[in-house]
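What follows is a short report on a single structure.
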Amino acid sequence: MSGNNPLRYIYDKDGGGWFGYRGLFAVIFASAQFGLFAYWVTYTGVTLSAGMFYLTLIPFVFGLLFTGFLPGKSGITPKTFLIFAVWGVLAYALYDWVRVPMNLMVGVPFWDHWFDWGASTLGSQGTTIFTYGNLTAGLIAHILRGWGFAMAYFLLVRRVTAFSAFTFAFFMTIFYWVVFPIFVLTDALPPWIWWFTAWASHMGFAAGLWLAPKIFASLYKKKERVEAVVTTSPISSKNYEKKEQGGKPVVTTYLRSWKTTLYAILALQGFGLAIGFILFGFVVGSQPPSTYPVFGYGKPPPIVIEGFSSYYWAIPSVIAGFVFSYLARRSRTLLPCNNCGHTNASEAVYCSHCGSKLPSEV
Amino acid sequence: MNRGLLILILILVYLGPYIFVYGRTATWTFPRIDDRDNKAFNEIEPHISPVVNLTKVYAVADGSEANYSLNTGLDNRKFLDWIGFPLVLDVSNYTLKASGVYQGKVIFHCDHLEADFPKPGPSQPWYIYQSLVDKYDNTTLNVPCYGDASLIKDNIPKALLLHWTMSGKLIGDRNDRIRTWTDNRIVEIADVRK
């Protein structure tokens, strides 16, 4: 069975599939969101401290215990966790960096909920909500969630690619677009700048997911460590995603050109933004417009553009999604060199890196 | 790239947004909250109805007593918080002390404590929340007052002088202040007994 069999993403006999250890640990590390979710869907009835104790701390403790059962052939080891833990911090830092100019330019106060989360965690009320203590507690909960999602991504994918990173982040965006207006911003109508900021910051998150392995590659002293950890699958085992050649394992490279990746990401943006426009239209259309300048420096950003329903904007987004999907499909494929693993254009006969003859087909 | 430089850049990338947040909290969030709290405290206005209702007269052991109702409260509770979100200023321990004087005699007196003024709950749909904010902007309540009914047995004065003092603890996002108002005004008595 080829290591590229997509079904192995779901299940493989080594325990590394989504219905195996990878899925289990992805759920455990994403559990920081579960605690917040309980706080959200009960309209703050469940305090964040209770939510994070039962739905985050306890899963993390069990996760620690489960590591003792990990079979080596699953590809997950404590060292893998450590590498992902270091990588995972970057994504949320970039996520928040994208929101910084949104505060400076249009006044989006992206840390306002951190006070609420901190207050719910520490039990503050009244005039003691807006304190540095609550801000810090909320900030830590915020970072923990972003880091946990990044960990879940690195655990779920076999290989870090721009496309999978953007796909994962777009799922996060849609989750946020749905849950926040329904359960969190129940007493406000989020203007378009909120939707835009949510999308833009998650795309920053995706960039962080994709860049982290590349950036940390240059921090490793040993070249072979770079190949073993970064250029190959994050979770690798001896018979997984590698080809044996003369007793020496050679890493297979990903068969996707930068054009294919770009078109695929643009197609994803088209379809994803169409969902966003439809959700925006639904939320804005379901409630009367605000008479109050929520968000910003006093002037409310326009919630709707007169005469243009956001549902209409979904149409060109869907068209763009199909166009870029088509372009992604017809963009050229790449061939891997069996000798050095370097990728080459499909029309090339010899490897541009080592000069070996390339396989005639992939 | 030099590894040391890369590590330094990474540390700055990690910490940058959070340094920004703490800096903006100190220079923008907290001063803005304090400004808006104080503005809200200063814009609160006392409310005293120009009409006092005579609601009941009844016999007691050594004479008779009259019950009155005075509509009072606080206006302009609505304010915008630091993100421009509409809130209703919390009011607790609201007290009203008043006496209605006619020709040197105290016709009635009021002494009322209201623990908390109503306000919108933590989570309502926006269309409900907005209407509640507007509803509670001016909050009034009917305060019961009492007096000797023998003073109005022959003649219910049309107008009398009301000496009043009210106070309340106003609670904003980060600040609270106890405000007290004292004044006199001419009020009418309306006999609303059936």
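Note that the protein sequences, when read in sequence, are chains A and B.
Each residue of the first sequence is one higher than the last, beginning at 42 in our numbering.
Each residue of the second sequence is one higher than the last, beginning at -19 in our numbering.
Beta carbons are placed, not taken as given, at the ideal position from N, Cα and C, and that holds for glycine.
Here the structure is a predicted model, which means the values were calculated and not measured.
Distance between beta carbons of residue j and residue i, contact taken as under 8 Å
{"i": "I24 of chain B", "j": "L(-8) of chain B", "result": "So it is not a contact: roughly 46 Å between Cβ atoms."}
{"i": "R159 of chain B", "j": "F21 of chain B", "result": "7 Å"}
{"i": "S72 of chain A", "j": "L96 of chain A", "result": "6 Å"}
{"i": "T302 of chain A", "j": "A203 of chain A", "result": "5 Å"}
{"i": "R154 of chain B", "j": "F65 of chain B", "result": "Not a contact, Cβ separation roughly 15 Å."}
{"i": "G92 of chain A", "j": "F66 of chain A", "result": "In fact, because the Cβ distance is near 21 Å, the residues do not count as touching under 8 Å."}
Beta-carbon gap between residue i and residue j smaller than 8 Å
{"i": "A191 of chain A", "j": "Y217 of chain A", "result": "no"}
{"i": "L77 of chain A", "j": "A253 of chain A", "result": "no"}
{"i": "D61 of chain B", "j": "L67 of chain B", "result": "yes"}
{"i": "V32 of chain B", "j": "I166 of chain B", "result": "no"}
{"i": "A361 of chain A", "j": "G311 of chain A", "result": "yes"}
{"i": "L140 of chain B", "j": "G84 of chain B", "result": "no"}
{"i": "F195 of chain A", "j": "F125 of chain A", "result": "yes"}
{"i": "W152 of chain A", "j": "L176 of chain A", "result": "yes"}
{"i": "V141 of chain A", "j": "I234 of chain A", "result": "no"}
{"i": "A305 of chain A", "j": "A258 of chain A", "result": "no"}
{"i": "A248 of chain A", "j": "L135 of chain A", "result": "yes"}
{"i": "F88 of chain B", "j": "Y48 of chain B", "result": "yes"}
{"i": "L309 of chain A", "j": "F207 of chain A", "result": "yes"}
{"i": "L123 of chain A", "j": "R(-17) of chain B", "result": "no"}
Contact list for residue i against chain A, beta-carbon separation under 9 Å
{"i": "G(-4) of chain B", "result": "A134, D137, W138, V141"}
Residues that DSSP places opposite residue i in a beta bridge
{"i": "H27 of chain B", "result": "B:G53"}
{"i": "K398 of chain A", "result": "A:Y391"}
{"i": "A39 of chain B", "result": "B:S44"}
{"i": "F59 of chain B", "result": "B:L67"}
{"i": "K164 of chain B", "result": "The sequence given here places Asn at residue 164 of chain B; Lys does not occur at that position. Per DSSP, B:H143."}
{"i": "T75 of chain B", "result": "B:L93, B:S147"}
{"i": "D171 of chain B", "result": "B:L34"}
{"i": "I158 of chain B", "result": "B:K149"}
{"i": "L121 of chain B", "result": "B:T52"}
Residue i: contacting residues in chain B (beta-carbon distance under 9 Å)
{"i": "F171 of chain A", "result": "T5, T9, F10, I13, W62, D153, R154"}
Chain-ordered chain B contacts of residue i [CB-CB under 8 Å]
{"i": "L180 of chain A", "result": "Y(-2), V1"}
{"i": "L65 of chain A", "result": "Those do not exist, as L65 of chain A stays about 28 Å from chain B at its closest Cβ, beyond 8 Å."}
{"i": "P150 of chain A", "result": "T9, W62, I63"}
Contacts of residue i in chain A (Cβ-Cβ under 8 Å)
{"i": "L(-14) of chain B", "result": "I256, S259, L260"}
{"i": "V(-7) of chain B", "result": "L131, A134, L135, W138"}
{"i": "R57 of chain B", "result": "None at all; the shortest Cβ gap to chain A is about 15 Å."}
{"i": "R(-17) of chain B", "result": "S259, L260"}
Per-residue contacts from residue i into chain B (C-beta, under 7 Å)
{"i": "W158 of chain A", "result": "None at all; the shortest Cβ gap to chain B is about 13 Å."}
{"i": "G167 of chain A", "result": "I151"}
{"i": "L176 of chain A", "result": "T5"}
Would you call the region 353 to 360 of chain A in contact with the region 307 to 317 of chain A, where contact means no fewer than 3 C-beta pairs closer than 8 Å? yes
Check whether the region 142 to 159 of chain B touches the region 119 to 129 of chain B, taking contact to mean three or more Cβ pairs, one atom from each stretch, closer than 8 Å. no
Does the region 202 to 214 of chain A come close enough to the region 232 to 248 of chain A that 3 or more CB-CB pairs lie under 8 Å? yes
Determine contact between the region 27 to 43 of chain B and the region 101 to 113 of chain B, defined as no fewer than three beta-carbon pairs at a distance below 8 Å. no
Taking contact to mean at least 3 C-beta pairs separated by less than 8 Å, is the region 154 to 162 of chain A in contact with the region 77 to 90 of chain A? Enough Cβ pairs lie closer than 8 Å, so yes.
Would the region 71 to 80 of chain B count as touching the region 149 to 157 of chain B if we require 3 or more Cβ pairs under 8 Å? The region 71 to 80 of chain B vs the region 149 to 157 of chain B: in contact.
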